[in-house]
Each structure stands twice: as C-alpha cells, then as structure tokens.
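In the numbering used here, the protein residues as written are 1 to 666.
All residues carry an ideal CB built from backbone N, CA and C; glycine is no exception.
These numbers were taken from a predicted model, which means no experiment stands behind them.
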C-alpha cells in the first residue's frame, strides 16, 4: 500500500476538484466553485489533521467535520468517496442531486455515513458546530480527556458569516472559550451576486477577535501554509478562525474568481480547459489508481488511534456510564417519579401557570436524567427552565447543565441541534412562543434531521397581557403545527404539562415544542397518576352528563378552562355537551380513525373549537361547518382577563356559538 508521500498533494486535491465539477456537470446543477477552491484546504485537513476512521464513521471520539457552506456539498461527497466511507461508491456521486442518492443537493443528515449535520441554510452549520464543540467539552468534563478529546472543524463561506445566526454562534463560542472549535473560512470574496464588496466591508478577523476568538490566516492553495495554521489552531486555548484565502473555481481558466462558477456547471468547454490547466487528463469520474490508493490510506490512518481509544475505554471505570450516555439510555426510575408527581398534582388540585408547572416537572426530571441540559434565551425567570439540579455551565465549569444563551434564540436552537447530533444529550431550552419565529429555521432543521430537542415556549397567547400584540403569538401555533416532524403540545393544566414532558423525553425521532401559559390555570385532570392521556393527542376530558352528547367543545391549553365553563352553561340549559382537550394535533392525527371519531363525536353533531389564536388549521377537527371562538387578528395591550373579554373568548361566547349551531336561542 502506498504512503502519503508517493502521490502529490496537487493530484489528491484535483481528485476532489474534478469529482465535484464532473458531478455538477452531469447533474446540470450545483455549485462547483467552492469545492474547487477549498480542495487544497480539505486535502490537508483530511490527510494530516482530522481524527477519523472511514471504516468506523460513528466512532464516538472522532473529530466532527461540518460543511457549513452546504451548497458546496460535492466537496464532502468527494471526500467520503475517496476515503472509503461505507455507502459512498462512485455511483452515488454520478447520481448527485438525483432522487434516492445520498449525494443530495445539500448535505442531509441520515442520508449517508459521514454527514454530521444537515446544512444548506447558510450559517446553520457553524452554529450547529458550536453545539458539537460544547458537547465535546461537557463530555470531557464528565468522562475525562482519556476518553473524550476531539475537535470540531467547520468550513464556512462568506455567506455563512453574513447570516445573523453566525454572530450569535460566534459570540457564544468565544464567551465559552470552546478551544476545540476551528473554523476554516473560505475567504474567496465571491457570492452569487458577485464580489462581496457589494454587500459587506467588515474585517472578519477583527470581528471574530472581538468575540473572543483567535484568528490566523493561510494561503488556501499552499498546503504548508494551511498545515502550519491548522497546527497552531490545535494548540489554542480559544476557538480559532483561519482565514483561508482561496480562488473560487480554482483551475477554471475563464470562470475562476468570479460568480460564474458559484452556482452553475462550468460547461463542457470550461471543464476540459480546467483539466488541461491543472494537468488532470483523466475522464469524468476516473480517479487514477495511485491517487485512489493514497486516499484510501488517508481514510484508514485513524484506525490505530481508534483502536487505542477502544482499549482505553474498555479499561475505564466510566465505560458503562459513557456507553449509556451515548446510547441515550436514561437511568431507571424517572418515569415513576414523574407519575408520582402527576398523582400529587391531582390529589391537591390548585391553580398554576403551565410555565410554572413545567418548571415543577423539570425539578423532578433533571435530577433523574443527567443527559438533560437546560437553558434559555435570557428569560430564565420567566420560562422556568433552571432547576436545583442544573448548575450553570461556564467556561470554567463544563460540568454545569444550564446554559445562559443570552438573547440569541436562533443560535440557541442551532446549538441544541449540535448537542443532540454529537450524541448523549437531551437539550431543552426556553423562550417566549412568539420568538419561535426567530428560531424557526433551526427548529425546522431539528425536524428535518429527527433530533430529540425540546423547545419550551411560554407566554403562549393574549393571556400574557400587557406586553401587547408584539408578544402575543396569534399565528405561531399554526406555524409550529405545519412543521413536519415536530410534535407541538399545548397542555391545559399542570397534569397535562407533566405528561407533555414524558412524551418529549420518550421521543427519539424528532423535536417537541411544549407551549405554556403565563397565567394561572386550574387543575382539571384529577386522574393524573393513571394513564398519560395526552399521549393520544386528544381525549374526552368531560363527557355530556345531562343526556346524549349534542355538542363537543374542543380546546387547547388555557382555553380548556373556558370550554369547561361553557359546558356547564350548556348542561344547565339541558344541552348535553362534552369537553375535549386537544394538546397535540399531531399525536391526535396519528390515532386510529375510530378513536378520533369517538372523541370528537359524530360529524353531524355540533363542534366548537376554542383557542386564543387564529382559526388556521382548526377545520381539520371541527369541520368546515364547525364554529371557532378565537382570534381573528393581532392582540392588544391590556390585562389578560380584559383581553379575553374584549376579543370575545369567553364561556358565554362559546355556549352561544354552540346554541346558534343547534338552532336554539341563547
């Protein structure tokens, strides 16, 4: 087998360049410029610095590599193919951007080994990488440097650094001094619109330095300059950004250095000219045997390091806890502790805001499940995510379990994604529901990747009162419910809130949003220690008592109390009415049709939906002929009880709607 000195660096880098350019040409779409420009940097990284074993791509102590500039996905796919990562034959690259190929237009987590995270929306990758680097520090604090000692490497482009989320992530990483995080900035000065000077003039190195990073510079086409910077970066006591000066589309005679090679195929003539310019006389997708063999050597150079690590892990007294941690196995007893908590709530019913009920549930759960890592976007006292068991995490104490994210909702969500992707942790963090708009791009990626991240979203309606319409999320529930893969739970009382946490912790295949009230709500569930009724998404909280059911009142969260009061008015008038609590549309939709029909009552019966939000999405459960009591526009600034009266979300209004549908006078 050849050694790494028998084939030139140029030939190894050109293998990446032309696999990328050929795949884009064959697909008739894609981005050849970045892979061609960063091929030298990537070659140095994968052959000299990145700790990985291509044969074991999920090795826990591997370095993580994140391609934040995800449009240059063929750079990653070429590397995975060349290093011999399982599942990346040449046919996968030939099928770039085609249905069923792991080589999607942007890297998609779960589509193929070696893809550490989904990237594409610019800035998400660098922010997610902060979460990975943070998880590495937390793991090292828990299990020791003999078991946990790896870096997180990021390739980020100009566009990544323009997106606002990048500043949130850079600032947090610098504050926490994440010394194992290294960002390789593809400093080529080109975006789709042309030269970056058309839109930005900031000094990126000074920007990073102002946020607490060390910065270095390298000639992105000189392997020794690149290697020297990477070696220095690995010795840093702070996160490092290396400005890699490159030429986009390197080697393309007329398009290199211009936006013409950013997001379009080079074209047959330009591609052939690039082959001639770079001395690569090989046909499309043809990698000469010496080059292929030397890349295979690079892919296997970490095998011995991995095997040594496995020996250390086997001898470690922390082995069992480490394996349980990364397998996501919770200690026994947590579920019973939560059931006991629910029973206690039911036995002594009272009024409590569900945001506070969530905090009470977390006081039970966080001591029992050490994988839970909390946090909030500068709203700790309002969202109740800090518990006695979750001491703050700082640059001096990575053993802490509570992260003060600051006013960085978007970055917070992406960092949670990174922790979940790294493995071992069940991150949760809180903000106001209305700010789900600020973090939704990262929440969307939580859903797309199927990550078990929990979003605690409080102050969920006009019930927050005086802060006014800017903070009253009338449309946000509809947005969350429209997000595929996300389970949204809006509990009606403290018991349902505890049930929501059990559901979230049981989920392994996607995120959960727990939507909570600011105002106190009565305990309506008096059987809290028995079955988790919220698990089915919706259930009959109170059946008709004065006769056959004629009306079904369906509500979520704080409005279940209103539906309950409306039921009393209808029953007093001799009209049989049932109350359905519907904490989760998604979970309810997944139930058998027979169950849903039994809960909602006959289609020809009267259904009234009640929610302090817009009607959008409610026709699914109330039917087109059903009535809805809720919001029709934005809210206003006033005390909560005044607002409910002002907007007509009252028990009297609900009962009147039902009677109107029945054709009976009020």
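### Classification of residue 667 by the beta-carbon crowding that lies within 10 angstroms, buried from 16 upward
Residue 667 falls outside the range modelled here, since the chain spans only 1 to 666, and no answer is possible.
### Task
Given a cut-off of 7 Å, decide if residue 114 and residue 418 are closer than it, judged by their beta-carbon atoms.
Along the chain shown, one-based indexing puts residue 418 at 418. Along the chain shown, one-based indexing puts residue 114 at 114. For the 7 Å CB-CB criterion, residue 418 and residue 114 do not form a contact.
### Under the three-state DSSP convention, the category residue 7 falls into
Translated into positions along the chain shown, residue 7 becomes position 7. If DSSP states are grouped into helix, strand and coil, residue 7 belongs with coil.
### Query
Which residues mark the beginning and the end of the beta strand (DSSP E) in which residue 118 is found?
Along the chain shown, one-based indexing puts residue 118 at 118. Unbroken run through residue 118: none, as it is neither H nor E.
### Where the beta strand (DSSP E) containing residue 427 begins and where it ends
Mapped onto the chain shown, residue 427 falls at position 427. Looking at the DSSP string, the run of the beta strand (DSSP E) that includes residue 427 is 426 to 432.
### Message
Using a 10 Å radius around the Cβ and a threshold of 16 neighbouring Cβ atoms, would you call residue 519 buried or exposed?
### Response
Translated into the one-based positions of the chain shown, residue 519 becomes position 519. Label assigned to residue 519: buried.
### Query
Who does residue 404 pair with in a DSSP beta bridge?
Position 404 of the chain shown, counted from the start, is the residue given in the question as residue 404. 376.
### Message
Here's the rule I'm using: 16 or more other beta-carbon atoms within 10 Å means buried, otherwise exposed. How should residue 192 be labelled?
### Response
As a first step, residue 192 must be located in the chain shown, where it is residue number 192. Looking at its Cβ environment, which holds fewer than 16 other Cβ atoms inside 10 Å, residue 192 is exposed.
#### Entry: Helix, strand or coil at residue 520 according to DSSP, with G and I counted as helix
Position 520 of the chain shown, counting from 1, holds the residue named residue 520. Under the three-state reduction of DSSP output, residue 520 falls in the strand class.
### Message
Using a 10 Å radius around the Cβ and a threshold of 16 neighbouring Cβ atoms, would you call residue 633 buried or exposed?
### Response
Numbered from its first residue, the chain shown carries residue 633 at position 633. Sixteen is the threshold: since fewer than 16 other Cβ atoms of the shown chains lie within 10 Å of the Cβ of residue 633, the residue is exposed.
### Query
Are there 16 or more other CB atoms within 10 angstroms of the CB of residue 53, so buried, or fewer, so exposed?
Position 53 of the chain shown holds residue 53. When all chains shown are included, residue 53 counts as buried.
### Sequence-distant residues of the same chain with beta carbon closer than 6 Å to residue 249, five excluded per side
Sequence index remark: in the chain shown, residue 249 carries index 249 (1-based). 33, 36, 255, 256, 261.
### Task
Report the residue from 486, 473, 526, 599 whose alpha carbon sits nearest the alpha carbon of residue 494.
Here residue 494 corresponds to residue number 494 of the chain shown, with the count starting at 1. Of 486, 473, 526, 599, the residue nearest in Cα terms is 526.
### Message
Considering just the uninterrupted stretch of the alpha helix (DSSP H) at residue 208, what are its terminal residues?
### Response
If you number the chain shown from 1, residue 208 lands on position 208. Residue 208 -> alpha helix (DSSP H) spans 204 to 210.
### Task
Taking the CB atoms as reference points, tell me whether residue 578 and residue 570 lie closer together than 7 Å.
Position 578 of the chain shown, counted from the start, is the residue given in the question as residue 578. Position 570 of the chain shown, counted from the start, is the residue given in the question as residue 570. No.
### Query
For residue 451 versus residue 511, is the C-beta spacing smaller than 7 Å?
Sequence index remark: in the chain shown, residue 451 carries index 451 (1-based). Sequence index remark: in the chain shown, residue 511 carries index 511 (1-based). Result yes, Cβ atoms of residue 451 and residue 511 sit closer than 7 Å.
### Task
Label residue 202 either buried or exposed according to how many other C-beta atoms from any shown protein chain fall within 10 Å of its C-beta, with 16 as the threshold for buried.
In the chain shown, the residue the question calls residue 202 occupies position 202. Residue 202 counts as exposed, since fewer than 16 other beta carbons sit within 10 angstroms of its beta carbon.
#### Entry: According to DSSP, residues forming a beta bridge with residue 611
Indexing the chain shown from 1 puts residue 611 at position 611. In the DSSP output, where bridge partners are listed per residue, residue 611 has 630.
### Query
Which residue's Cα is closest to the Cα of residue 486: 474, 449, 75, 386?
Against the chain shown, residue 486 aligns to sequence position 486. Nearest C-alpha to residue 486: 449.
#### Entry: Residues that residue 194 bridges to, as DSSP identifies them
Within the chain shown, residue 194 is the residue found at index 194, counting from 1. Answer by DSSP bridge pairing, in chain order: 191.
### Task
Please look up how many angstroms separate the CB atoms of residue 535 and residue 503, rounded, as I've assumed it's under 8 Å.
Indexing the chain shown from 1 puts residue 535 at position 535. Indexing the chain shown from 1 puts residue 503 at position 503. Right, the Cβ-Cβ distance comes to about 6 Å (below 8 Å), so this counts as a contact.
### Message
What does the alpha-carbon distance come out to for the pair residue 282 and residue 119?
### Response
As a working note, residue 282 is residue 282 in the chain shown. As a working note, residue 119 is residue 119 in the chain shown. Their Cα atoms are separated by approximately 31 Å.
### Message
Using the three-state DSSP reduction, which class does residue 225 fall into: helix, strand or coil?
### Response
As a position in the chain shown, residue 225 is number 225, starting the count at 1. Residue 225 sits in a helix when the DSSP states are folded into three classes.
### Query
Does DSSP put residue 185 in a helix, in a strand, or in coil?
Taking the first residue of the chain shown as 1, we reach residue 185 at position 185. DSSP places residue 185 within a strand segment (E or B) once states are collapsed to three.
### Task
Flag this pair as touching only if the segment 9 to 21 and the segment 74 to 84 have three or more C-beta atom pairs under 8 Å; answer yes or no.
Segment contact: the segment 9 to 21 against the segment 74 to 84, three or more CB-CB distances shorter than 8 Å; contact assigned.
### Message
Would you call the segment 58 to 70 in contact with the segment 268 to 282, where contact means no fewer than 3 C-beta pairs closer than 8 Å?
### Response
Because the criterion of three Cβ pairs below 8 Å is not met, the segment 58 to 70 and the segment 268 to 282 do not touch.
### Message
Helix, strand or coil, according to DSSP, for residue 546 in the structure here?
### Response
Reading the chain shown from its first residue, position 546 is the one you call residue 546. DSSP places residue 546 in coil when its eight states are reduced to three.
### Where residue 489 sits in the DSSP three-state scheme
Here the question's residue 489 lines up with position 489 in the chain shown. Residue state for residue 489 is assigned as strand, using DSSP reduced to three classes.
### Task
Determine the closest residue to residue 416 out of 432, 150, 373, with distance taken between C-alpha atoms.
Position 416 of the chain shown, counted from the first residue, corresponds to residue 416. Distances from the alpha-carbon of residue 416 to those of 432, 150, 373 put 373 closest.
### Task
Identify every run of the beta strand (DSSP E) within the segment 213 to 262, keeping only runs that are complete inside it and at least 3 residues long; order them along the chain.
Whole beta strand (DSSP E) segments, 3+ residues: 214 to 219, 240 to 245.
### Task
State yes or no: is the C-beta of residue 490 within less than 7 Å of the C-beta of residue 349?
Working through the chain shown from its first residue, we reach residue 490 at position 490. Working through the chain shown from its first residue, we reach residue 349 at position 349. No; because the gap between Cβ atoms is not below 7 Å, this pair is not in contact.
### Query
Where are the alpha helix (DSSP H) runs, 4 residues long or more, that stay fully inside the segment 88 to 169, in chain order?
Counting whole runs of 4 or more residues, the segment 88 to 169 contains the alpha helix (DSSP H) stretches 90 to 94, 124 to 143, 158 to 162.
### Exposure of residue 223, with buried meaning 16 or more beta-carbon neighbours within 10 Å
Reading the chain shown from its first residue, position 223 is the one you call residue 223. By the 10 Å Cβ count, residue 223 comes out buried.
### Query
In or out: residue 509 buried (at least 16 other Cβ within 10 Å) or exposed?
Your numbering for residue 509 matches position 509 in the chain shown. With fewer than 16 neighbouring CB atoms inside 10 Å of its own CB, residue 509 falls in the exposed class.
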